[in-house]
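Student: Structure below; questions to follow.
Numbering (my numbering), first residue to last: 354 to 601.
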C-alpha cells in the first residue's frame, strides 16, 4: 500500500496517548508513510524500523526514523529477507489495514516478528461514526480523499469488528482508545479554508500540521472533543486504536 499525494501529515494523538512514555523498545511500523507518528515514538528513545512502498514517503521517513525498508508490506518474501531474524517489542499498523483485502492474514504474518511479550497496535477508522451513520440512514454515502470514507478503503471497521479481526489473527485485545470524531466531518472544509488563507499549494504535505488553526485545535478543542467522545466512543470517535498480544 503506497502513500498518495493528497495525504497530509497528521499526528495520531490516540496512538501516542496509548504509547505513553515507553522507551527502549524495538518497533516495526508497517506501512509507515511519512513516519509522522513514528518520529515522536523514536524521540522517546525507541528504535524504529519502517516498511513503506511509496518512494516519496520512503525518502521523508528515512530522515525521521532509524531504518525504512522500501517494500510492499504484502511482499512477504522481500520483507522476510530484509528483516531476517530480527524481533520487535511492538508492531504498528497505523491506518493501514483498511486498505488491504486480507488484513487478518497480514496481521498473522507480522505477529511472527514479535518477541516474547510483544504487542501489536492497530489504528483503524470507525465506520460507526455519527456522521457516517447519518449518511447511511439518508442513503447518501460520499467517498472522500481521506477520512473514514477514503476512496482507497476496501475494508470498514467498527470497534467490534476490529477486535474480531485481531482475534481471527490469533491476537487478544488488551487496551483500546480513540481519536474523537465530533469535528472530523468538517476537516475537508477546514483544509480548504486553511489552504486558501495561507495561499499554500495542495501538494505541501505539512501545511496542516504547521498551521495556526491546527495548533489552536490541538491545544484548546481536542481535549474537550476527546472528553465528550469518551462518553460514547462507538458513536463519537472516528479512529479506533487497539493494542493486542498473541494468545497463548
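Backbone N, C-alpha and C fix where the C-beta goes; we use that ideal spot for every residue, glycine too.
For residue 368, which of 572, 446, 576 and 589 has the nearest alpha-carbon?
Tutor: Considering only alpha carbons, the answer is 446.
Student: For residue 468, which residues from the same chain have a beta carbon less than 7 Å from its beta carbon, with the 5 sequence-adjacent residues on both sides left out?
Tutor: Counting only Cβ-Cβ distances below 7 Å, and skipping sequence neighbours, we find 440, 441 and 442.
Student: How is residue 382 classed by DSSP in three states: helix, strand or coil?
Tutor: If DSSP states are grouped into helix, strand and coil, residue 382 belongs with the strands.
Student: If you reduce the DSSP assignment to three classes, tell me which class residue 585 lands in.
Tutor: Correct three-state label for residue 585: coil.
Student: Kindly say whether residue 576, judged by its beta-carbon, lies nearer than 8 Å to any beta-carbon of chain B.
Tutor: In the displayed structure, chain B is absent; only one protein chain is listed.
Student: Which full runs of the alpha helix (DSSP H) of 4+ residues lie inside the stretch 486 to 538, going along the chain?
Tutor: Correct list: 512 to 521.
Student: For residue 429, which option in 405, 567, 581 and 574 has the closest C-alpha, if you only look at C-alpha atoms?
Tutor: Taking only the C-alpha atoms, the option nearest residue 429 is 405.
Student: Under the three-state reduction of DSSP, which class applies to residue 600: helix, strand or coil?
Tutor: Looking at residue 600 - three-state DSSP - the assignment turns out to be coil, as it is neither helix nor strand.
Student: Unbroken beta strand (DSSP E) runs of length 3 or more, entirely within the stretch 406 to 452: which are they?
Tutor: List check, beta strand (DSSP E) in window: 420 to 423 and 441 to 447.
Student: Need the endpoints of the alpha helix (DSSP H) that residue 460 sits in, please.
Tutor: Unbroken alpha helix (DSSP H) run through residue 460: 456 to 464.
Student: On the DSSP bridge list, what partners appear for residue 479?
Tutor: DSSP lists 510 as partners of residue 479.
Student: Do residue 501 and residue 479 have their C-beta atoms within less than 8 Å of each other?
Tutor: Yes, they are a contact pair.
Student: For residue 579, which residues of its own chain have a beta-carbon under 7 Å away from its beta-carbon, when the five flanking residues on both sides are left out?
Tutor: So the qualifying residues of the chain are 533.
Student: So residue 371 and residue 530 are in contact, right, with Cβ under 8 Å, and what is the actual spacing, rounded?
Tutor: With a Cβ gap of about 5 Å, residue 371 and residue 530 count as contacting.
Student: Tell me where the alpha helix (DSSP H) around residue 391 begins and ends.
Tutor: Note, residue 391: alpha helix (DSSP H), 389 to 396.
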